[in-house]
Amino acid sequence: MLRKIRYNAFVSYFLKHHPEAETELAYSNPYELLVAVILSAQCTDKRINQVTPEFFKRFPDINKLSKASIEDIYELIKSVNYPNNKSKHLAGMANMLLSNYNGRVPSNFDDLLKLPGVGRKTANVIISVLFNAPAMAVDTHVFRVANRLGLTKNAVTPLAVEIQLTKYLPENLIYIAHHWLILHGRYICIARNPKCKICPLTDFCKYYQQLQTVSGAKRIQSDKLKKTKLNQQLKDRKSLILQLKKIEIQK
């Protein structure tokens with residue numbers, strides 16, 4: 000199947016069934032989203048949503064966060080992965096936003112990358128979620144699903160996946176396609192034992208088609224082995240009958 004056909008099928012399905020997909024991180028303003036995304040690195044959205052209500056109650060804006068000690072921040076986020084580094088990142092981010100950007104979250108990708116704790120993936124999340132920019136943040140879910148569906152080819156790095164997806168997806172849908180891929184990977188196309196039986200994308204999924212081919216080949220091989228075994232059993236039976244007849248004749 001041509002990659003263009005896969006992309007068309009992918010977009011058509013999700014536009015019809017999930018036209019308003021969005022991040023599962025809970026936030027109410029750009030500051031809260033930036034904090035949540037920084038915290039979410041190597042951690043689940045579910046865990047982050049359990050932590051941020053108390054965090055935002057204590058530090059409701061960038062000014063309050065900039066005055067917090069790293070130790071105070073740590074106490075509120077110690078249940079997430081890598082709390083030591085993230086505490087330092089949040090403190091540094093708050094101070095840089097105030098000193099360089101008047102306390103406002105930048106809409107520019109390069110400016111976001113200058114903030115502590117913000118890498119390429121985080122910056123792409125911010126500009127796509129807040130500003131609907133045609134940016135594709137590639138996490139493990141996006142990487143896995145894009146490869147399994149056949150939307151990417153020989154893409155072995157997150158950047159390679161990002162480049163291919165932004166090249167072939169309609170520009171005005173890149174920001175939401177990010178959520179389609181994440182949610183599909185989170186709930187259906189999971190890393191181990193993907194739920195192919197309930198997946199609505201199997202008609203154009205390269206991974207599923209390969210599974211069917213392998214499964215079919217295994218069935219053919221199994222049938223051949225069964226046939227060979229049956230033929231051998233028949234030969235053994237004939238041989239036994241001949242031996243019994245010889246014994247009868249000798250008697």
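In numbering that gives the first Met the number 0, the protein residues as written are 0 to 250. Beta carbons: idealized from backbone N, C-alpha and C, even for Gly.
- The alpha-carbon of Pro105 is positioned some 41 angstroms away from that of Asp202.
- In the three-state DSSP reduction, His17 falls in the coil class, being neither helix nor strand.
- In this structure, Gly116 lies near Lys85, with their beta-carbon atoms less than 8 angstroms apart.
- Rounded to whole angstroms, the separation of the alpha carbons of Lys228 and Lys237 is 14 angstroms.
- Pairwise C-beta distances place the segment 35-47 in contact with the segment 75-92, as three or more of them are shorter than 8 angstroms.
- Our two residues, Lys87 and Gln163, have alpha carbons roughly 34 angstroms apart in a direct line.
- Residue burial annotation: Thr22 is buried, with at least 16 other C-beta atoms found within 10 angstroms of its C-beta.
- Exposure of Met0 is indicated by the presence of fewer than 16 other C-beta atoms within 10 angstroms of its C-beta.
- Between Leu97 and Ile61, the C-beta spacing is below 8 angstroms.
- Using a 10 angstroms sphere on the CB of Lys120, the tally of other CB atoms reaches 16 or more, which defines it as buried.
- Comparing C-alpha distances from Gly184 to each of Glu161, Phe142, Gln211 shows the shortest one belongs to Phe142.
- Its chain contains Ile187 as the residues whose beta carbon lies nearer than 6 angstroms to that of Lys194, once the 5 sequence neighbours on both sides are disregarded; these appear in chain order.
- For Tyr73, the closest of Glu170, Val50, Tyr100 by C-alpha to C-alpha distance is Val50.
- Beta-carbon to beta-carbon, Ile37 and Met92 are separated by about 7 angstroms, close enough to satisfy the 8 angstroms threshold.
- Secondary structure of Ser86 (DSSP, three-state): helix.
- In the DSSP assignment, Ser78 falls outside any alpha helix (DSSP H) and carries neither an H nor an E.
- Under the DSSP assignment, Phe203 falls outside any alpha helix (DSSP H); it carries neither an H nor an E label.
- Secondary structure note for Thr121: its alpha helix (DSSP H) is the uninterrupted segment 119-130.
- The beta carbons of Leu89 and Val34 sit closer together than 8 angstroms.
- In the displayed model, Asn7 falls within a helix according to three-state DSSP.
- Per DSSP, Gly102 is not a residue of any alpha helix (DSSP H), being assigned neither H nor E.
- Here Val141 carries a helix assignment [DSSP, helix/strand/coil].
- The shortest CA-to-CA distance from Pro29 to any of Pro59, Glu19, Pro18, Arg5 is the one to Pro59.
- Rounded to the nearest angstrom, the Cβ distance from His140 to Ile197 is 17 angstroms, too far for a contact under 8 angstroms.
- The Cβ atoms of Tyr26 and Pro199 do not sit closer than 8 angstroms to each other.
- Remark: C-beta atoms of Lys205 and Arg147 approach each other more closely than 8 angstroms.
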